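Line by line, the protein sequences are chains C and B. Quick note: the first sequence, position 338, residue 338 per the working numbering, numbers continuous. Quick note: the second sequence, position 70, residue 1070 per the working numbering, numbers continuous.
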Amino acid sequence: MEFNAPAGENLFDRAKIVGKSTPRIDGPLKVSGRAPYAAERHDVAANQAYGWIVGAGIAKGRIRAMDLDEARRAPGVIAIVAATEHEPVASSDFNYAPLFGGREVSHYHQAIAVVVAETFEQARAAAGLIRTSYTNGEGTFDLKKAAPGAPLASDRPSDSAKIGDFDAAFAAAPVKVDERYTTPDEAHAMMEPFATIAAWDGPKLTVWTSNQMIEWSRQALASILKMDADNIRVDSPYIGGGFGGKLFVRSDAVMAALGAKAAKRPVKIAMQRPLMFNNATHRHATMQRLRIGAERDGRIVAIGHENWSGNITGEAGENATLQTPKLYSGANRLIANHIAQLDLPEGNAMRAPGELPGHLALEVAMDELAEKLGMDPVELRIVNDTQGMVPGEPDTKLSDRNLTRCLREGADMFGWSKREARPGRSRKGRWLTGMGVAAGYRAAPTMKSGARVRMTDRGQLVVETDMTDIGTGTYTILAQTAAETMGLPLDAVRVELGDSSFPVSAGSGGQWGAASSTAGVYAACVALRRMIGEKLGFDADAATFDGGRATLGVESWSIRDAGALTAEDSMTFGEFKKDYDVGTYAGHFAEVKVDAYTGETYITRMLAVCDAGRILNPLSARSQVIGGMVMAAGAALTEDLHVDKRFGFFANHDLAGYEVPVHADIPHQECVFLDTLDPVSTPLKAKGVGELGICGPGAAVANAIYNATGIRVRDYPLTLDKYLDRLPAIA
Amino acid sequence: MAEDGFMKVSRRGVLAGGVASAAVGQASILRAQDSSTGGAAKQAKVPVRLTVNGTPQELELDSRTTLLDTLREHLKLTGSKKGCDHGQCGACTVMVNGTRINSCLSLAVQHQGDEITTIEGLGSPEDLHPMQAAFVEHDGYQCGYCTPGQICSAVAVLEEIRNGIPSHVTEDLTGRMRATEMEMRERMSGNICRCGAYSNIAEAMAQVAKG
Chain C
1 MEFNAPAGEN LFDRAKIVGK STPRIDGPLK VSGRAPYAAE RHDVAANQAY GWIVGAGIAK
61 GRIRAMDLDE ARRAPGVIAI VAATEHEPVA SSDFNYAPLF GGREVSHYHQ AIAVVVAETF
121 EQARAAAGLI RTSYTNGEGT FDLKKAAPGA PLASDRPSDS AKIGDFDAAF AAAPVKVDER
181 YTTPDEAHAM MEPFATIAAW DGPKLTVWTS NQMIEWSRQA LASILKMDAD NIRVDSPYIG
241 GGFGGKLFVR SDAVMAALGA KAAKRPVKIA MQRPLMFNNA THRHATMQRL RIGAERDGRI
301 VAIGHENWSG NITGEAGENA TLQTPKLYSG ANRLIANHIA QLDLPEGNAM RAPGELPGHL
361 ALEVAMDELA EKLGMDPVEL RIVNDTQGMV PGEPDTKLSD RNLTRCLREG ADMFGWSKRE
421 ARPGRSRKGR WLTGMGVAAG YRAAPTMKSG ARVRMTDRGQ LVVETDMTDI GTGTYTILAQ
481 TAAETMGLPL DAVRVELGDS SFPVSAGSGG QWGAASSTAG VYAACVALRR MIGEKLGFDA
541 DAATFDGGRA TLGVESWSIR DAGALTAEDS MTFGEFKKDY DVGTYAGHFA EVKVDAYTGE
601 TYITRMLAVC DAGRILNPLS ARSQVIGGMV MAAGAALTED LHVDKRFGFF ANHDLAGYEV
661 PVHADIPHQE CVFLDTLDPV STPLKAKGVG ELGICGPGAA VANAIYNATG IRVRDYPLTL
721 DKYLDRLPAI A
Chain B
1001 MAEDGFMKVS RRGVLAGGVA SAAVGQASIL RAQDSSTGGA AKQAKVPVRL TVNGTPQELE
1061 LDSRTTLLDT LREHLKLTGS KKGCDHGQCG ACTVMVNGTR INSCLSLAVQ HQGDEITTIE
1121 GLGSPEDLHP MQAAFVEHDG YQCGYCTPGQ ICSAVAVLEE IRNGIPSHVT EDLTGRMRAT
1181 EMEMRERMSG NICRCGAYSN IAEAMAQVAK G
């Protein structure tokens, strides 16, 4: 089915199941510990051996020798696949750094061997007996040093743009901000490690793994292992978090496949946590410069956003300017992304790639501008809302945009009017208190998505798609969509996900998963309805499906009477969507208290007001948003991969050193969805929210800290060492 | 430095033995390792008896086996999760004789005769523990990977508060302990949820605490 025109009124506008808060259908399995994650699938292959990945001890250079003898003699060892004895694996379209690169070391903790043994303990112990010597190469590890010579990125049109005459307009603007901001490298730090069980059956390979994008991974494995994709099955029904870190195949899958071939046994690998941070991908650090010039009434006349980041191949950086062309008006504009070559591990997508650090800079710059103007920061954003157009794109229409409502309604709910505008003036006992606001924008893309629906002769419906649920609530929204479309109760629907033998879906990434995959299931269900209609002799497109029956005029049929049927279809998205900017919008608010004596910051309240079209399941969508708010709080306050610039690696590569928010850091959070519909998005008029929640809250926290203390810190995270000496005097 | 004598001993003792700090089984393991008879060598195993979710278990284990791996790999009770294997994330939280611990930080041989309760022992999909049901109701999870540990901790935290065990944020150490939001958040802070379900977990716990 092609979605080739904006949706008119349809069955989802009269929905009984879609759009209603629904506890996750996979919930009982998850809370009782019965949902099987990748490394837990004892049942899928007999005689599983254990693999342990050895990571390179240098960041750049060449392996001189590996002494494997002692390890090979160690108890329980079945096989060792080592870089000095095995050719490098091939690359794929989905990886920048090699996953197993022979003697050449491109980054720290790159996989250089896998030890396969009878038990986990034996594999780990034997791995510790491998002696590797290296010839060190020269590497570039310092973004700040590399940035001045970094060329403009050129792989995407969004990487650089000039509209009007930015320099002249900025120079002439009566009120202006010109500031620089930095954001650090960050880790996905999903709770489930990269994990794979790999098993060979002749030329056929099965990987039970933890991955967001099943078809990408099947294709990538085919390229990497130089084999026919048809001989590969990828299965990933439960995924313990991804946030972009599991978009692509990682070395656990590759080394498990190689290890299983060498051992002639199925091999299970769960990557050890301390290897993950340097072995896999991370969010790139950024350096940003914001220049915003405004008239005295607050209207922006010039906005310039320049960004520098680095990556292992010198391409594909963290495009922190993405939101800037969409959020605010202004006739004269400059966008520039520079990308340096660095020899750190591969930078790649992490939740809202580009927008998370982009909002951390842009939305603080807006706060700084508001202060210079003597204007309320909520009002400044509303005055500069693009109001019905995309700046510089006169031919692009907005599908549905309610940013001003998000900000106004959020301000009302949050009690914004009680905010003391003068920073550092609100004190309750030992606490300096403050409020901050930020706007949020995140695109709402859709991708082709397929599904198969099987109706059993008992009237049960089984949905099969290679779509994944990474905590996003996919199982439930797909069941809701199928139940609604077929007129069945929710508990008559079973959903099977993540298996490459199922139809190819959009997968989970880029905030496209929910909107795309529900549209795909809708397409398959429409095909099934037509099959039922053909079988029973009625026009399914004209009929109403409800309560297990199809009704047309005065006639009615039990759909079970059609017997067992299977239908498959995909939703594709037509050219008309290119005429539109389809986005999601938010007003984010935060309140903090800062200890006047110690500088410790506590977030006391957070609110997101979101505009994202129809919300398919408000219960799980809210969780997506508050989860983004938590991760944004981490980005603002604690998260920082520290680069060892001498040896070229992330030094704090575990969950003790890399500080993500914990319970004590996060207060009760509010999330409100505006009751909006976006007919340009999909037939369900829904858009994603998983990344909207992280776009802005970090800046709202930073702005609240400024409001509390009067100290502006522009280098994230805002740890107290950066402002302790500037706290207001204790009166 | 690796050729230094001290380092050599240290590496063998720690990496090969892996149980430098455990009293049980150390000598026999080092003997087995030093025999260097190749991949097929038999390793010393230690008998371990424990009761897991009410069922007595008798196992023969490599003495380096953690309680977590005993549960996950030997008893195939995979509800307890391995998030870090270093006591940094809390996903492996189980109850031992009624007290919560990080099962990855504890060797099975330390638990002779202990009563272990895992997430599977709290309830089943058909018969959820009230805390498990509250997590479903309040959506106190997303990916689900930290969830068993969160739930085991949540159940234990309410018990700790009932038993008057103070925490870092307890203001009145001699008064009646109350399950306030800050008490619960403080005590749950060893259980990381990267999906960020904290606000919902707090609500689920508050509901169960009210009874």
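Don't be surprised by glycine CBs; every beta carbon is placed ideally from N, CA and C. As the structure is a prediction and not an experimental result, all values here were calculated from the model.
As DSSP reads the structure, C:Q341 sits in a beta bridge with C:N311. In the pairwise beta carbon analysis, the stretch 241-250 of chain C is classified as touching the stretch 276-289 of chain C: at least three pairs are separated by under 8 Å.
Taking a cut-off of 8 Å on C-beta distances, the stretch 1105-1115 of chain B touches the stretch 1045-1062 of chain B, as three or more cross pairs fall below it.
Cβ proximity to chain B below 9 Å picks out A117, E118, T119, F120, E121, Q122, R124, A125, A126, A127, G128, L129, R131 from the stretch 110-142 of chain C. When Cβ-Cβ separations below 8 Å define contact, C:E575 makes no contact with chain B. Separation of the CB atoms of C:A45 and C:P237 is rounded to 15 Å, and the pair is thereby denied contact status at 8 Å. According to the DSSP assignment, C:I78 belongs to the beta strand (DSSP E) that extends over 77-82.
At a cut-off of 8 Å between C-beta atoms, C:S623 counts as an interface residue with respect to chain B. Listed along the chain, the chain B residues whose CB falls inside 8 Å of the CB of C:P237 amount to none; the nearest CB is some 11 Å away.
Note on C:K685: 16 or more other CB atoms within 10 angstroms of its CB, so buried under the neighbour-count rule. The straight-line gap separating the alpha-carbon atoms of C:V643 and C:F649 is approximately 6 Å.
For C:S133, the enclosing beta strand (DSSP E) stretches over residues 131-136. Assignment of alpha helix (DSSP H) within the stretch 215-294 of chain C, counting only whole runs of 4 or more residues, yields 251-263, 273-279 in chain order. Assignment of beta strand (DSSP E) within the stretch 630-688 of chain C, counting only whole runs of 3 or more residues, yields 669-673 in chain order.
Shown here, C:D725 sits in a helix according to DSSP, grouped into three states. By DSSP's assignment, C:N332 forms a beta bridge with C:A302.
For C:G27, the enclosing alpha helix (DSSP H) starts and ends at 27-31. Taking a C-beta distance under 8 Å as the contact criterion, C:G583 and C:R401 qualify as a contact pair.
In the displayed model, C:R351 falls within coil according to three-state DSSP, outside both helix and strand. Secondary structure note for B:L1059: its beta strand (DSSP E) is the uninterrupted segment 1055-1061. Contacts with chain C (Cβ-Cβ distance below 8 Å) from the stretch 1059-1086 of chain B involve D1062, R1064, T1065, D1069, R1072, E1073, K1076, L1077, T1078, G1079, S1080, K1081, K1082, G1083, C1084, D1085, H1086, listed in chain order.
Not a single C-beta of chain B is nearer than 8 Å to the C-beta of C:G415. Cβ neighbours of B:C1193 within its own chain (closer than 6 Å, five residues either side excluded): C1146. In this model, C:S92 and C:S223 are separated by some 5 Å (Cα to Cα). About 12 Å separates the Cβ atoms of C:L407 and C:A370, ruling out a contact at the 8 Å cut-off.
No Cβ of chain C is located within less than 8 Å of the beta carbon of B:C1092. For C:P697, the uninterrupted alpha helix (DSSP H) segment begins and ends at 697-709. In the structure shown, B:G1196 falls within a coil segment according to DSSP collapsed to helix, strand and coil. Judged by beta-carbon spacing, C:L674 lies within the 8 Å limit of C:R405, meaning their Cβ atoms are closer than that value. The C-alpha of C:T572 is placed about 36 Å away from the C-alpha of C:M271. Put simply, of C:A111, C:N95, C:R614, C:R454 the residue whose alpha carbon is nearest the alpha carbon of C:P503 is C:R454. For B:T1147, the enclosing alpha helix (DSSP H) stretches over residues 1147-1162. The C-alpha of C:E121 is placed about 56 Å away from the C-alpha of C:W416. Chain-order list of chain B residues neighbouring C:L327: empty, with the shortest C-beta distance near 24 Å, by a criterion of under 7 Å.
Scanning the stretch 446-500 of chain C from its first residue to its last, the whole beta strand (DSSP E) runs of 3-plus residues come out as 449-455, 461-465, 493-497.
Interface residue (Cβ-Cβ distance to chain B less than 8 Å): C:L720 is not classified as such.
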